[in-house]
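In what follows, a single structure is set out as structure tokens and then discussed.
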Amino acid sequence: MTAIGHISGGHINPAVTLGVLVSGKMSVIRGVLYMIAQFLGGIVGAALLMAVTPNSSTGTVENVNWPIAHLGANGLQPGVTAVQGLIVEAMVTFILVLVVYGCCDARRDDVKGSIPLAIGLTVTLSHLLSIPYTGAGLNPARTLGPAIMTGKFDDLWVYFIGPWLGGAIAGVLYTVLFKAKLATPTEDF
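Here it is in structure tokens:
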């Protein structure tokens, strides 16, 4: 976020971009262009990872251990249904987008500390909470790249619909219910 914040406002996740888009804080054209760039970045990143992964030059990953072979591709853990996975992905992405809104609301003058750190810690906590269920998607662009490179498309829709649903709900909820109000001058007694 810190490295690209001045270019895109730190948008590296289509679910966050959708959350901003549905609240009317971004034009549809800009949102679509951001998402295209995000998905291309996810694919290029996974391709680069595959290029440096042992045995990946043959197009197979059979003799490589699972974590490396799947290049971080997400998958539901044993016993987790697609609906459960969708709910987990929606919940953690909802929290992420709500934190982004709370930290980045220009109308708030009470935000102290490092915004990228707050968002980064939220991403970390979201991963710790969701890895046992879904492998921690949270970002459809990051999920798509490894899926394309490995051909692992099982339940891919969970990792799109869940984060987009969570991001959109957080964007609308923050805009309608939690948006900071402009402070009005008051007398200090």
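Number 152 in this note's numbering belongs to position 150 of the sequence shown; there are no gaps in the numbering.
The beta-carbon is built from N, C-alpha and C at its ideal position, and this holds for glycine as well.
Between Gly-21 and Ile-133, the alpha-carbon positions lie close to 23 Å from each other.
Val-174 has its alpha-carbon roughly 10 Å from the corresponding atom of Leu-23.
Nearest to Val-178 by alpha-carbon distance, out of Thr-55, Tyr-103, His-13, Ile-45, is Tyr-103. Counting C-beta atoms within 10 angstroms of its own C-beta, Gln-79 has fewer than 16 neighbours from the protein chains shown and is therefore classed as exposed. The count of Cβ pairs closer than 8 Å, one atom from the stretch 152-165 and one from the stretch 91-98, reaches three, so the stretches are in contact. Comparing alpha-carbon positions, the option among Met-28, Thr-19, Gly-26 lying closest to Ala-39 turns out to be Thr-19.
Going by DSSP, Trp-166 is part of the alpha helix (DSSP H) stretching over 160-175. Contact between Gly-47 and Gly-147 holds, since their C-beta atoms are separated by about 5 Å, short of 8 Å. Around the beta-carbon of Arg-144, 16 or more other beta-carbon atoms lie within 10 Å, marking it buried. Between Pro-142 and Pro-16, the CB-CB gap stays under 9 Å. Burial state of Thr-124 is buried, judged by a 10 Å Cβ sphere holding 16 or more other Cβ atoms.
Spanning the alpha carbons of Ala-172 and Met-151 requires a straight line of approximately 31 Å. Pairing Gly-169 with Val-99 gives a Cβ-Cβ distance under 9 Å.
For Ser-128, the uninterrupted alpha helix (DSSP H) segment begins and ends at 117-136.
Following the DSSP letters along the chain, one finds Pro-148 inside the alpha helix (DSSP H) bounded by residues 142-152.
Going by C-alpha positions, Gly-26 is about 19 Å away from Ile-97.
The beta carbon of Val-113 sits closer than 7 Å to the beta carbons of Cys-105 from its chain, once the five residues preceding and following it are set aside; these are given in chain order.
Straight-line spacing of the CA atoms in Gly-87 and Thr-126 works out to 18 Å.
Leu-42 sits exposed, since fewer than 16 C-beta atoms from the chains shown fall within 10 Å of its C-beta.
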